[in-house]
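Taking it in order: structure first as structure tokens, then the write-up.
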Amino acid sequence: MSVYEKLGALNITLPELTPPVAAFVPFLRTGNLLFLSGHIAKNGAKPWVGQLGGNLTTEQGKNAARGVAIDLMGTLHAAVGDLNQIKRIVKLMVLVNSTPAFTEQHLVADGASDLFGEVFGAAGLHVRSAFGWLRFRFGRVWK
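Numbering follows the working numbering, with no gaps: position 90 of the sequence shown is 90.
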């Protein structure tokens, strides 16, 4: 089954490439490697607002990470033209806006990891880092 057939079976439509809003490119190819810039979690068309362990649950975070994976696949599609050409997902880095007491970043990241495995099969299995982080603004936690 092709990647696109798997996406169709999961009722996933890939988004169009979002142009960058700062001084970077959405993807960069060097040799046979393709690097993607970071993506933010969206709730509908707007960025997710909140913190895991605060006003967001682990399950909401997992769904947000799944949505980011869909956006990443849209960027991959724009970069290569055919997702069936992807030989391997190598590394996934997940930054989770969370409270200091939250310890389930790895479960949140599973939302993206699981989807890459479903869509790409063995080629979607990857190494991963999942980090918790706080937003700071003028020396205070940004809420």
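We put the CB at the ideal spot given by N, CA and C, even for glycine.
Cut-off 8 Å between Cβ atoms - residues of its own chain near Phe27, not counting five sequence neighbours on either side: Here the set comprises Leu34, Phe35, Leu36, Ser37, Thr75, Leu76, Ala78, Ala79.
Give a yes or no on whether the C-beta atoms belonging to Arg66 and Gly111 are separated by under 8 Å. Inclusion of Arg66 and Gly111 in the CB contact set at 8 Å is warranted, their separation being smaller than that value.
In whole angstroms, give me the CA-to-CA distance for Ala64 and Tyr4. The alpha-carbon atoms of Ala64 and Tyr4 are separated by roughly 21 Å.
From this set, Pro100, Ile70, Asn43, which residue's C-alpha is nearest Ile120's C-alpha? Note on residue identity: the sequence assigns Phe, not Ile, to residue 120. If we check each option's Cα against that of Phe120, Ile70 comes out closest.
Over what stretch of residues does the alpha helix (DSSP H) that includes Leu76 continue unbroken? Start and end: 58–80.
Compare the C-beta of Asp110 against all C-beta atoms of chain C and say whether one is closer than 8 Å. No chain C appears in the structure shown, which is made up of a single protein chain.
Residues near Phe138 by beta carbon distance below 7 Å, same chain, minus five either side: Caution is warranted here: a pLDDT of 47 is assigned to Phe138, below 50, making its placement in the model unreliable, and the coordinate value is therefore given only provisionally. Correct list: empty, nothing qualifies.
Identify whether Leu115 lies in helix, strand or coil by the three-state DSSP scheme. Residue state, collapsed to three classes: helix.
Enclosing alpha helix (DSSP H) for Gly31 [first to last residue]: Premise fails: Gly31 is in no alpha helix (DSSP H) and is neither H nor E.
Could you give the DSSP three-state label for Val96: helix, strand or coil? Annotated three-state conformation of Val96 is strand, per DSSP.
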